[in-house]
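Chains A and B, in that order, are what the protein sequence lines are.
When we follow the working numbering, the leftmost residue of the first sequence carries the number 5, and every step to the right adds one.
When we follow the working numbering, the leftmost residue of the second sequence carries the number 39, and every step to the right adds one.
A virtual CB, placed ideally from N, CA and C, is assigned to each residue, including glycine.
Remember, predicted model here, so these are calculated numbers, not experimental data.
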Amino acid sequence: MLNPISLAFKKSKKENRPALLTYTVAGDSSKKQSLEILKSISKYADILEVGVPHNTPVADGGQIQTSSYRAIKNGILMTDVFKIVKNYKKSKNSKPIILMGYYNMIYQFGENKYLKECKKSGVNGLIVVDLPWPENRIFSKKCKKNSINFIQLLSPTTSYKRLKGITKDSHDMIYYISMLSTTGGKLKVSPNKILQNYNKIKNISPKKNCVIGFGITEKTISKFKSADGLVVGSQICKEITRSLNNRQNPVINVSKMVNKLKKKLS
Amino acid sequence: MRLKKRIPVIDQGDKLGFWGGKFGGNFVPETLKKPIEDLEFQFNKLKNDKSFIRERDKYFKNWIGTPTRFIKLSNLTKHIGGAQIWSKVVSDANGGAHKIYNATVHCLLAKRSGKKVIIGDTGAGYAGKMLSMAAKKFGLKCKIFMGAKDIERQQPNVRAMKKNGADVIPVYTGSKTLVDAVSECMRYWVANCDTTAMCVGSTVGPAIFVRICGWSTSQISRELKAQLIEQFGSVPKKLKLYNCVGGGSSSFGFWNEFMDYSKKQVEFIGVEAGGPTKSKKHAAPLTYGSKIGILHGAAQYVNQNSEGQIEETESISAGLDYPGISPLHCFLKDTKRARYTAASDEEALKAYQIVTKYENLRPSLEPSHAFSVAIKEAKKLSKDTIVVINSCGDAYKDKKILEKKLGKKYAKSN
Ligand SMILES: Cc1ncc(COP(=O)(O)O)c(C=O)c1O
């Protein structure tokens with residue numbers, strides 16, 4: 005049987021469009037609200053990335069940092085993150101969940117205990133920003149044993165040799181970072197160039213589902229329709245911040261935004 | 039875990055960059071793998087290249103000024119009445135602190151690899167000031183990331199950076215100190231690593247930065263060893279080397295050449311920042327038993343909560359105000375080669391007053407931490423024991439803090 009992440013890609017392929025992946029931070033702006041956001045965007049998104057907030061992030065831009073600090077200030081703990089996922093998974097129409105975060109949070113929780121909780125709460129995949137290949141080999145094997153997708157990252161700086169090694173060790177899904185940037189940066193490379201690199205990866209590893217992230221927004225998303233999947237993160241986090249500043253309901257606004265994103269892909 | 043002899047400590051890490059199998063490494067985003075590999079390749083080649091060493095030594099000698107003085111603090115020795123107290127006055131170096139060695143080497147490397155811009159973090163402002171000096175010297179553009187709180191409390195160094203033409207970029211996230219500056223600097227590098235070289239201001243960060251920095255500051259102990267032999271005929275039988283420890287670059291450099299001596303003969307004492315006596319916060323992960331965690335790309339003892347969030351620190355000395363510590367020092371602690379302890383804000387201030395009262399020397403607040411412990415211990419040591427304190431910074435940058443804490447007159451008259 006295919007795992008839920010692969011199934012999601014299969015479904016979007018059938019509909020002749022890239023899968024839409026969203027990124028929101030667990031606990032932003034409160035535990036309850038972040039759960040509501042997940043539930044409300046489920047209608048439109050295919051896979052939900054949930055950020056585990058960390059206070060020393062070395063790869064996040066301003067938007068996601070703001071979301072993370074908000075969540076940490078509101079007292080989010082690792083156990084809350086799992087609770088949010090678990091509650092979300094009880095809802096009708098739930099989508100695959102990928103937790104995305106920094107290795108220290110997993111290390112302090114304990115790798116094995118972490119994976120056990122992931123399984124119990126229904127997490128389908130993991131992205132660990134600062135655990136690159138080949139350092140991640142042992143952990144990614146552990147994930148596989150627990151039927152959790154460990155998602156390898158690739159970037160424009162990744163050498164051909166690494167590309168081969170990384171794709172070989174990857175599971176069903178891989179993540180291509182579109183450009184040299186922290187999250188939330190403006191697209192500073194042409195979509196064509198990005199798709200060229202993307203195609204290089206697909207040629208080496210045609211069966212793996214490859215998503216593109218960083219710099220994907222309402223404005224740019226429709227330029228990447230040939231990809232297997234597209235990730236939108238900072239723009240959504242920014243929308244939460246904007247809503248809070250304007251005393252509007254982030255749940256409604258984010259849901260509207262994700263709906264629009266989806267429409268641009270159909 | 040074992041410390042090997044006759045192999046430089048910076049080269050004792052394993053293939054993945056871990057010392058003792060668990061400290062250091064490369065916990066970095068994929069994007070940085072390539073620039074880090076390139077830097078590793080370049081450094082591994084150049085550190086054994088005679089022409090590169092000659093070039094380095096030329097700048098160390100003619101531009102930084104080597105050797106820095108090794109002086110006896112006779113009045114202090116008499117006042118304390120125990121061991122002989124000496125100081126290695128590393129603040130003699132061009133720019134006024136040990137940070138110049140690492141900054142110079144990074145600029146030499148950046149030049150050779152054709153980079154046009156170099157970026158760096160700074161806490162006390164010395165690492166930034168030195169990088170701005172070296173960048174100017176070697177014709178590189180320079181950007182310095184500095185916590186907003188540190189900008190406020192270390193103005194003289196901020197002015198120096200700007201005078202040297204560097205962009206000083208204030209960092210407003212988190213505690214607005216060194217930890218946030220390093221994060222922001224790394225983030226900037228992630229986004230610009232194709233054109234920009236990064237210098238990490240201490241023996242912290244991904245393994246290659248730990249190695250380059252340790253290799254650079256080791257100049258201090260090379261000089262000291264020669265000076266000791268000149269002074270005493272050989273390395274003394276009872277030698278104790280006291281150094282403050284923030285990230286650990288000055289202490290590592292002060293000790294490196296003596297690594298293979300028994301600790302009975304040459305003891306290393308690292309002094310961390312204990313923070314204000316009344317505060318629970320500190321910047322002393324080795325002294326107060328912090329757990330191993332990941333910070334800025336490396337596994338190390340680090341102040342953190344049970345969740346793995348990095349904790350804020352508090353210290354009167356911006357240069358020591360960092361929640362983590364070099365993997366090299368974690369390794370030296372667990373192999374028991376070095377001993378670590380802490381001095382509080384108040385103890386450092388008191389040591390500053392004592393030193394400046396008896397000697398014509400003005401250690402900044404960072405080395406004042408080391409003086410505090412050295413003075414206390416020297417009392418109980420025999421007269422044939424040689425105590426050496428690395429005075430790795432000058433108090434000029436701390437004028438504002440000293441005035442506030444000790445009164446205007448005190449800060450001025452010294
Ligand atoms: C004078 C001085 N001493 C010590 C330090 C601490 O750093 P490290 O432990 O890397 O020597 C600093 C850092 O800014 C400094 O400026």
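Within its chain, find whatever has a CB closer than 6 Å to the CB of B/Thr160; leave out the 5 residues flanking it on each side and keep chain order. Gly166, Ile182, Met184 and Gly239
Can you check DSSP and say which residues form a bridge with B/Glu454? Here chain B covers residues 39 to 452 and nothing more, so residue 454 of chain B does not appear.
Counting only the same chain and skipping the five closest in sequence on each side, list residues whose C-beta sits under 7 Å from that of A/Pro253. Residue identity differs from the one stated: residue 253 of chain A is Asn in this sequence, not Pro. The beta carbon of A/Asn253 is closer than 7 Å to those of Ser247 in its chain, skipping five residues each way along the sequence.
Can you check DSSP and say which residues form a bridge with B/Gln342? Bridge partners of B/Gln342: B/Ile348.
How about B/Cys368: is its Cβ closer than 7 Å to a heavy atom in ligand 1? no
Just to confirm my understanding: we take B/Ile354, look at its own chain, exclude 5 residues before and 5 after, and list those with CB closer than 6 Å. What are they? Asp383 and Leu403, listed in sequence order.
Are the segment 124-143 of chain A and the segment 78-96 of chain A touching by the rule of at least three beta carbon pairs closer than 8 Å? yes
Between which two residues does the alpha helix (DSSP H) containing B/Phe292 stretch? Residues Ser287 to Trp293.
Mind checking whether the beta-carbon of B/Lys137 lies closer than 7 Å to any heavy atom of ligand 1? yes
Under the DSSP definition of a beta bridge, which residues are partnered with B/Arg107? Bridge partners of B/Arg107: B/Val127.
Starting from the C-beta of B/Ser420, find all residues in its chain whose C-beta is less than 6 Å away, skip the five residues before and the five after it, and write them out in chain order. The answer is none, since no qualifying residue turns up.
Going by other Cβ atoms of all chains shown within 10 Å of its Cβ, with 16 needed for buried, is A/Asp32 buried or exposed? buried
Chain A partners of B/Thr255, CB-CB under 7 Å? Within chain A, no residue comes near B/Thr255; the closest Cβ sits about 24 Å away, beyond 7 Å.
Under the three-state DSSP convention, the category B/Lys85 falls into: Of the three classes helix, strand and coil, the one that applies to B/Lys85 here is coil, per DSSP.
Sequence-distant residues of the same chain with beta carbon closer than 7 Å to B/Lys42, five excluded per side: Gln50
Counting only beta-carbon atoms, is B/Gln50 nearer than 8 Å to chain A? no
Tell whether a beta-carbon distance below 8 Å holds between A/Phe218 and A/Met183. yes
Which of helix, strand or coil does DSSP assign to B/Gly431? If DSSP states are grouped into helix, strand and coil, B/Gly431 belongs with the strands.
In chain order, what residues of the same chain have a beta carbon less than 6 Å from the beta carbon of A/Val133, not counting five sequence neighbours either side? Ala63 and Tyr106
Count Cβ pairs between the segment 329-340 of chain B and the segment 50-63 of chain B that sit closer than 8 Å; are there 3 or more? The segment 329-340 of chain B is in contact with the segment 50-63 of chain B.
DSSP state of B/Ser382 mapped onto helix, strand, coil: strand
For A/Ser226, which residues from the same chain have a beta carbon less than 8 Å from its beta carbon, with the 5 sequence-adjacent residues on both sides left out? Lys268 and Leu269
Rounded distance between the beta-carbons of B/Cys145 and B/Leu178, thought under 8 Å: 6 Å
Among the residues of its own chain, which have a CB less than 8 Å from the CB of B/Phe270, if the five just before and after it don't count? Ile424
Cutoff 8 Å: B/Cys231 Cβ touching any chain A Cβ: yes
Cα-Cα separation between B/Lys110 and B/Trp124, rounded to whole angstroms: Approximately 4 Å, taken between the alpha carbons.
Could you tell me whether any non-hydrogen atom of ligand 1 is closer than 7 Å to the CB of A/Pro57? no
Just how far apart, CA to CA, sit B/Asn452 and B/Thr394? The pLDDT assigned to B/Asn452 is 46, lower than 50, so where the model puts this residue is not dependable; a value taken from the coordinates is nonetheless given after this. Their Cα atoms are separated by approximately 7 Å.
At the 8 Å Cβ level, is A/Ile244 part of the contact set with chain B, yes or no? Closer than 8 Å: no.
In the DSSP assignment, what are the bridge partners of A/Asn213? A/Met177
So if DSSP puts B/Lys181 in a beta bridge, which residue, or which two residues, is it bridged to? B/Ile157 and B/Asp205
I want to see whether chain A comes within less than 8 Å of B/Leu54, judged by CB atoms only; does it? Yes - at least one Cβ of chain A is within 8 Å of the one on B/Leu54.
Taking 8 Å as the CB-CB limit, is B/Asn452 close to chain A? In this prediction, B/Asn452 scores a pLDDT of 46, lower than 50, which makes its location untrustworthy; the coordinate-derived value is nonetheless stated afterwards. No - not a single Cβ of chain A is within 8 Å of the one on B/Asn452.
Could you tell me whether any non-hydrogen atom of ligand 1 is closer than 7 Å to the CB of B/Thr241? Yes, ligand 1 has a heavy atom inside 7 Å of this Cβ.
CA nearest to the CA of A/Ile178, picked from A/Tyr164, A/Lys192 and A/Leu234: Residue A/Leu234 is the option with its Cα nearest to A/Ile178.
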